[in-house]
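A short write-up of the structure that comes next.
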Amino acid sequence: MGNHDNDRVVVIGAGVAGLTAAATAARAGRPVVLLEGHEAGGRARTDQRSGFSFNQGPHALYRGGPAWRTLRDLGLHLRGHRPPLRGMRGVRAGQVVPVGGRQVAAVVAKLTGARPSAWAGRSTREWVDSLGFGREAVETAEMMVRVATYVADLDRLPADLALRQGRQGLVHGVSYLDGGWGTLVEGLAGAATRAGATLRRHTEARSITGGPADWHVVTAEGETLHATAVVVAAGGPAAARKLLPVDPHWGELGAPVTAACLDLGLRGPGPKVVFGLDVPWYLSRHCPPGDLAPEGSALAHVLRYGARDARADRAELVDLARMAGVRDEHIVEDRFLAHMVVTHVLPSPERGLAGRPPVVVPGPGGLFVAGDWVGDRGWLADAAVASGRSAGLLAAEFRATLQGDDPVRVA
Ligand SMILES: Cc1cc2nc3c(=O)[nH]c(=O)nc-3n(C[C@H](O)[C@H](O)[C@H](O)COP(=O)(O)OP(=O)(O)OC[C@H]3O[C@@H](n4cnc5c(N)ncnc54)[C@H](O)[C@@H]3O)c2cc1C
């Protein structure tokens, strides 16, 4: 193995987390190889269909959050638009109804007034119950928490997480990115390659063997890449466990947060925003404004928080689109995604974000994980970017320490 290999950082997975890790480690001066089994982007990919740019379900970037700041530091200046919330409507008892301004104001006041750290260890249900609201205001609070977190089961959602996420959305707002999240992926890939990282698409990593001074990442083609440090950013904990050569001792992690999505490319102006009040539903027009759809067309994302039976979920989402005013003749393109993992781990209310695994894999040294289920900072893509950045920095700093003359071999 040459000196160059001895210095190398291999990153597995070119989603938002892996791309951030690769860009960070490369900018810190280390040779980086980034392996991606498919195309880059993972769940942040944007697919082109008849001139419509479909994200994988609705995606909004939290302005001013960890991802926003790190992307800026990496030189990305993303353009986007705020959601068309004026005139927002809701669904209650099977009817589309105006969302009460008084109720929204009451929830906003409570959300912005609460101290998240005071709610550590408790569930969001306990927080909502503590408000002493009537039924309609409770439903409004539940709706706003769902929209901010993608979690429908408030008994299992840490209250401090919901309060931080809700406040972040209310104070700084979110952005629907022009051109879709594919622009974010391209920007990150550009930042990584400009800093010297090599991105190898369609190259799946199969295993990690070797030892702390010299990890061997073996690809599906049987090639072996030597590395001092390896960052596994392959999606979720199951994918990471499969690749890691050691038991990371993470124990039981929380269940994934899932959703069913209907992505619609529409003729005409499209509906605006309709959120479920007594049902876990979401519909929002992501364009216009922005450039996700051809001139004179619109793009709307419809979602059910918590995926169940594909057929029943699809029928619900089609119903919601109709209730919002979408007619069959408006639909140019539609895509149903039956079971999407929005984020891989919902930690328990007792443990909160501290219940997610750390970036450093305990054990032999030089192994790191990153993704939206790792580390105690951020939620969704914010967690993917925050853990990707930490993993990239730690991997770049890591220098193997030989144990005597004989490096410890673990596989
Ligand atoms: C419907 C939906 C809505 C969402 N909305 C939002 C939102 O509004 N705001 C927000 O911040 N976040 C949102 N998210 C979450 C966000 O998309 C994810 O948190 C983020 O994209 C995860 O990035 P990641 O890099 O951790 O994982 P992934 O995107 O899953 O990337 C993992 C990558 O690793 C690759 N890979 C896996 N195994 C291997 C292997 N063995 N070898 C090589 N490559 C491998 C995969 O092909 C993939 O490209 C949403 C997600 C969904 C599904």
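Each residue of the sequence shown is one higher than the one before, counting from 13 in my numbering.
We treat Cβ as the ideally placed atom computed from N, Cα and C, and that holds for glycine.
Beta-carbon spacing of residue i, residue j below 9 Å
i, j, result
"P257", "S219", "yes"
"V229", "G30", "no"
"G282", "L276", "yes"
"H93", "P301", "yes"
"G288", "V103", "yes"
"G76", "V183", "yes"
"A33", "G400", "yes"
"L143", "V157", "no"
"R368", "L265", "yes"
"A241", "T231", "no"
"A126", "W139", "yes"
"A201", "V44", "no"
"A398", "A79", "yes"
"A407", "A204", "no"
"G199", "L46", "no"
Whole-number beta carbon distance between residue j and residue i, since they are thought to touch under 8 Å
i, j, result
"A174", "T161", "6 Å"
"E48", "R206", "Not confirmed; about 17 Å, so no contact."
"G63", "A305", "7 Å"
"D384", "A395", "5 Å"
"H356", "G248", "4 Å"
"R168", "L358", "6 Å"
"V371", "L379", "Contact doesn't hold; Cβ gap of about 10 Å is too wide."
"D172", "G364", "6 Å"
"R91", "D190", "5 Å"
"D19", "R42", "6 Å"
"H342", "R411", "With 8 Å as the limit, H342 and R411 do not qualify as a contact, their Cβ atoms being about 59 Å apart."
"Y294", "V159", "7 Å"
From the options, residue whose alpha carbon lies closest to that of residue i
i, options, result
"V286", "R213, M100, F64", "M100"
"D259", "A204, P376, A271, E48", "P376"
"L349", "A272, L237, H261", "A272"
"A130", "P170, R147, V159, V163", "P170"
"G54", "G25, V44, P43", "G25"
"V344", "A327, L311, H351, R320", "L311"
"I152", "Q115, V163, R179, A217", "According to the sequence displayed, residue 152 carries Thr and not Ile. Cα-wise, what sits closest to T152 is Q115."
"G106", "T240, W80, P292, D346", "P292"
"R81", "A393, A408, A403, E409", "A393"
"T136", "G41, V163, R147, G263", "V163"
"E235", "V23, V330, T215", "T215"
"P268", "A250, E362, G280", "A250"
"M155", "Y188, G185, V120", "V120"
"R347", "A40, S65, A398, V45", "S65"
"N67", "G280, Y188, G87", "Y188"
"D325", "G87, R334, H351", "H351"
"P128", "E148, R147, Q180, D85", "Q180"
"V21", "W193, V314, A225, L123", "A225"
"D331", "A252, V108, A52, S360", "V108"
"P96", "V354, E362, H313, R389", "H313"
Helix, strand or coil at residue i [DSSP, three-state]
i, result
"V420", "Since pLDDT at V420 reaches only 43, below the 50 mark, its modelled position is unreliable, and the value read off the structure follows with that caveat. Three-state result, V420: coil."
"Q68", "coil"
"R260", "Reading off the sequence, residue 260 comes out as Pro, not Arg. Reduced to three states, the DSSP call for P260 is coil."
"M155", "helix"
"T215", "coil"
"E362", "coil"
"T205", "helix"
"P170", "strand"
"L414", "Confidence at L414 is low in this model, with a pLDDT of 41, below 50, so the placement of that residue is unreliable and no value is reported for it."
"P301", "coil"
"P306", "coil"
"S135", "strand"
"G14", "Summary for G14: the model assigns pLDDT 45, below 50, so the residue's position carries little reliability, and this model does not support an answer."
"G222", "strand"
"P249", "helix"
"S402", "helix"
"T82", "helix"
"P369", "coil"
"V314", "strand"
"T58", "strand"
"T36", "helix"
"P292", "coil"
"A26", "coil"
"M100", "coil"
"V338", "coil"
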